[in-house]
Amino acid sequence: MTMLDIHNLHVRVGGKPILQGIDLCVNAGEVHAIMGPNGSGKSTLARALSGHPDYQVTEGEVSYEGRDLLAMDPEARAREGVFMAFQYPVEIPGVNNAYFLKAALNAIRKHRGQEELDAIEFMALMREKATLLEIDPGMLTRSVNEGFSGGEKKRNEIFQMAVLEPKLAILDETDSGLDIDALKLVANGVNRMRSLARAIIVVTHYQRLLDYIVPDVVHVLSGGRIVKSGDRALALELEDRGYGWLEPEAAAAAPAEKA
Amino acid sequence: MTTATRTIEELANREYQYGFVTDVDAETVPKGLSEEVVRLISEKKREPAWLLEWRLKAYRTWLTMTEPTWQNVRYPSIDYQDIIYYSAPKKRPTLNSLDEVDPEIRATFEKLGIPLEEQKLLAGVAVDAVFDSVSVATTFRTKLAELGIIFCSFSEAVQEHPDLVRKYLGTVVPYSDNFFATLNSAVFSDGSFAYIPKGVRCPMELSTYFRINARNTGQFERTLLIAEEGAHVSYLEGCTAPMRDENQLHAAVVELVALDNATIKYSTIQNWYPGDKQGKGGIFNFVTKRGKAAGVNSKITWTQVETGSAITWKYPGCILQGDNSIGEFYSVATTNNWQQADTGTKMIHIGRNTKSTIVSKGISAGHGQNTYRGMVKIGKQAQGARNYSQCDSLLIGDQCGAHTFPYLEIKNTSARVEHEASTSKIDEDQIFYCRQRGLSTEDAVNLIVSGFCREVFRELPMEFAVEAQKLLSVSLEGSVG
Numbered sequence: 001m002t003m004l005d006i007h008n009l010h011v012r013v014g015g016k017p018i019l020q021g022i023d024l025c026v027n028a029g030e031v032h033a034i035m036g037p038n039g040s041g042k043s044t045l046a047r048a049l050s051g052h053p054d055y056q057v058t059e060g061e062v063s064y065e066g067r068d069l070l071a072m073d074p075e076a077r078a079r080e081g082v083f084m085a086f087q088y089p090v091e092i093p094g095v096n097n098a099y100f101l102k103a104a105l106n107a108i109r110k111h112r113g114q115e116e117l118d119a120i121e122f123m124a125l126m127r128e129k130a131t132l133l134e135i136d137p138g139m140l141t142r143s144v145n146e147g148f149s150g151g152e153k154k155r156n157e158i159f160q161m162a163v164l165e166p167k168l169a170i171l172d173e174t175d176s177g178l179d180i181d182a183l184k185l186v187a188n189g190v191n192r193m194r195s196l197a198r199a200i201i202v203v204t205h206y207q208r209l210l211d212y213i214v215p216d217v218v219h220v221l222s223g224g225r226i227v228k229s230g231d232r233a234l235a236l237e238l239e240d241r242g243y244g245w246l247e248p249e250a251a252a253a254a255p256a257e258k259a
Numbered sequence: 260m261t262t263a264t265r266t267i268e269e270l271a272n273r274e275y276q277y278g279f280v281t282d283v284d285a286e287t288v289p290k291g292l293s294e295e296v297v298r299l300i301s302e303k304k305r306e307p308a309w310l311l312e313w314r315l316k317a318y319r320t321w322l323t324m325t326e327p328t329w330q331n332v333r334y335p336s337i338d339y340q341d342i343i344y345y346s347a348p349k350k351r352p353t354l355n356s357l358d359e360v361d362p363e364i365r366a367t368f369e370k371l372g373i374p375l376e377e378q379k380l381l382a383g384v385a386v387d388a389v390f391d392s393v394s395v396a397t398t399f400r401t402k403l404a405e406l407g408i409i410f411c412s413f414s415e416a417v418q419e420h421p422d423l424v425r426k427y428l429g430t431v432v433p434y435s436d437n438f439f440a441t442l443n444s445a446v447f448s449d450g451s452f453a454y455i456p457k458g459v460r461c462p463m464e465l466s467t468y469f470r471i472n473a474r475n476t477g478q479f480e481r482t483l484l485i486a487e488e489g490a491h492v493s494y495l496e497g498c499t500a501p502m503r504d505e506n507q508l509h510a511a512v513v514e515l516v517a518l519d520n521a522t523i524k525y526s527t528i529q530n531w532y533p534g535d536k537q538g539k540g541g542i543f544n545f546v547t548k549r550g551k552a553a554g555v556n557s558k559i560t561w562t563q564v565e566t567g568s569a570i571t572w573k574y575p576g577c578i579l580q581g582d583n584s585i586g587e588f589y590s591v592a593t594t595n596n597w598q599q600a601d602t603g604t605k606m607i608h609i610g611r612n613t614k615s616t617i618v619s620k621g622i623s624a625g626h627g628q629n630t631y632r633g634m635v636k637i638g639k640q641a642q643g644a645r646n647y648s649q650c651d652s653l654l655i656g657d658q659c660g661a662h663t664f665p666y667l668e669i670k671n672t673s674a675r676v677e678h679e680a681s682t683s684k685i686d687e688d689q690i691f692y693c694r695q696r697g698l699s700t701e702d703a704v705n706l707i708v709s710g711f712c713r714e715v716f717r718e719l720p721m722e723f724a725v726e727a728q729k730l731l732s733v734s735l736e737g738s739v740g
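Chains F and A supply the protein sequences, listed in that same order. Quick note, the first sequence lines up with residues 1 to 259 if you use our numbering. Quick note, the second sequence lines up with residues 260 to 740 if you use our numbering.
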């Protein structure tokens, strides 16, 4: 079943065109990796899908479960099951991590007509997920991301994902800044989330993460377009050859800049 | 414009919810201030001669004083002859039974959500309600009386406990203290009085609710709280006022006295009418609050959440006179639209090994201007004194301002004084992060602001903390950019 259908998506940031016609179809149960050199538009795609106000869609359509995703507010997308793990998770001083997550989960549950969880039910759920992801429970009572190391912030993102149980999860360079142990923990967390009902988009610069989260499809972005798609072998080839060999294809694929 | 900005503006545009006027026959004295008016107030209250003398001394001193101009606020000059200095509901309530309180007034308090009737009281809260200038009802008095605790209106205290009032009145804030406190000393109409005898731990929170109702009246209440040796008390006050186009003056005085090993915790939620979105109307809140930690090991804690008033001018302070005494000040002050606040504290260290802690959180939104002004003074004899101050400012939008003026005066070399300050903004990234997790912009702003204020909120008694958080979210409605 098609979960996400992106057609001819153009996105500008601060007036500058970044995405220039993305076509992508993601089915439930699949894991797609989006790769590409710096500045190719990988993170722009992730942020545009989550509705970041700085990312202006100028052309194209995105359908999510058959509905117009672009017409929804960021919070409406989240409540409908779109989750983005941030490349740079934001600190919210003084706000308890567990309290924050409870507010988020209950906002989502309320939207879906489910009963809100009370503190006791919620803490039980937190404990269960924390054990599953090998998260130190002490992290839950600290302020949201405040004073967290880079690795802790990324793990906290995955932890939030596990609690919120999205239908479409977008991981925006979750591997950046992680050492190998942290990378494995994060990857294990993501792998536990894989299911037939859920789609996952992994945005990454390096193939290293894909050793642990094995994708069904790999796409290479260059110059704001998908220049090549393939299976896992494509990621391995990129590791050997870098992105350089795809640049001419990108140049050929991109429309000539108007003067 | 982003959705976040829009929602914040909608929030900022939220109406003041307590702006109703109660139609009650009031007995007022003529407009203006003169020796006759002072005498008239004293006479109406059947005060003893010594108190009238005290008022007159204050009035004469006030005539020689000028309004202070050093504070970082702007307001049109006040015509002190255009104010009514005394207004009391005509049907004078007897204080024996709540049933005798004017139904209109009771309805007002019900609208405010004040648990005036005993059966509706949150367990453990005794309320003294001050309506314009007269205290209309005090709950739980009998229960407190069994412990020897006196909790009544100031006027009653003058009648029933004149020796106590005379002994302590003006000992912390003298009648000549400052322009507004001196004015209050001349014309104060009512307020609360509490006395906790030796060794008694007050079993419930004492609470006062103030409301300015009549037009063109100033409210000049005076509160006096005494904790004898080893006594403990926690006192709460809340304030609201109806919406008026013109400004109204509120110049109150609060004096606290803590003797040996006594503890006083004084919490305020101030939600006077802040004026409209264009800055028209609103309360001028010019208040003098001071506590004297007179005894050894005594402790005074001020906690305030200031969300209302067009202008706030107040510096609840502590005179740390007893050895090992402790003074604390926890404050959240918000200014939205055209509100201005100049607030902070004074910590005067006199005794040895005295300690003070200051935590100030200023939130500015709209065109609000928020100033922290604090003084830490360490006297020659204050061997081993310590102070820790933390002043944080949060800015919402780009039209507002935050200012910090710390004054340190240290005359003893053994003192340790620390000061930390920070200024931050709520940024779009924080809001977006919350929205991506499913929260609305409004909830996101409230969450971020309450996180910012957490260190202060946790000092408030539980019921008050919840109310404070709600009030804060209302007063900031419509403010991100």
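Using N, Cα and C, we set each Cβ at its ideal position, and we do this for glycine too.
Any non-hydrogen atom of the ligand SAM within 7 Å of residue i CB
i	result
P74(F)	Inclusion of the ligand SAM in the displayed structure is not the case, the ligand content being empty and no account of it being possible.
Where residue i falls: helix, strand or coil (DSSP)
i	result
E487(A)	coil
A187(F)	helix
A453(A)	strand
V555(A)	coil
Y212(F)	coil
I609(A)	coil
Y525(A)	strand
T547(A)	strand
I570(A)	strand
D172(F)	strand
K729(A)	helix
R194(F)	coil
P74(F)	helix
Inter-residue spacing [alpha-carbon to alpha-carbon] between residue i and residue j
i	j	result
L315(A)	A552(A)	29 Å
Y243(F)	V90(F)	30 Å
L24(F)	I6(F)	5 Å
Y55(F)	V635(A)	49 Å
A724(A)	K42(F)	44 Å
A592(A)	I607(A)	22 Å
A521(A)	H662(A)	35 Å
I226(F)	N8(F)	11 Å
M463(A)	I585(A)	22 Å
V708(A)	G489(A)	37 Å
M35(F)	K228(F)	10 Å
K639(A)	E679(A)	24 Å
L164(F)	P37(F)	31 Å
Q529(A)	S568(A)	8 Å
F439(A)	A98(F)	47 Å
R305(A)	V417(A)	9 Å
CB contact check: residue i to chain F, cutoff 8 Å
i	result
T589(A)	The displayed chain sequence assigns Tyr, not Thr, to residue 589(A). So, not an interface residue.
G540(A)	no
D702(A)	yes
F479(A)	no
E718(A)	no
L731(A)	no
I707(A)	yes
L735(A)	no
E419(A)	no
Cutoff 8 Å: residue i Cβ touching any chain A Cβ
i	result
V57(F)	no
G94(F)	yes
R79(F)	yes
E173(F)	no
I18(F)	no
Q160(F)	yes
A104(F)	yes
E157(F)	no
V90(F)	yes
Anticipated Cβ contact below 8 Å, residue i with residue j, distance rounded
i	j	result
I170(F)	N191(F)	Not quite, the Cβ-Cβ distance comes to about 16 Å (not below 8 Å), so this is no contact.
C659(A)	G610(A)	With a Cβ gap of about 40 Å, C659(A) and G610(A) do not count as contacting.
Ranges of the alpha helix (DSSP H) found wholly within the region 6-63 of chain F, counting only runs of at least 4: Fully enclosed alpha helix (DSSP H) runs of 4 or longer: 42-50.
**Asked** Considering only residues of the region 307-337 of chain A, which uninterrupted beta strand (DSSP E) runs meet the minimum length of 3 residues and lie entirely inside it, listed in chain order?
**Response** none
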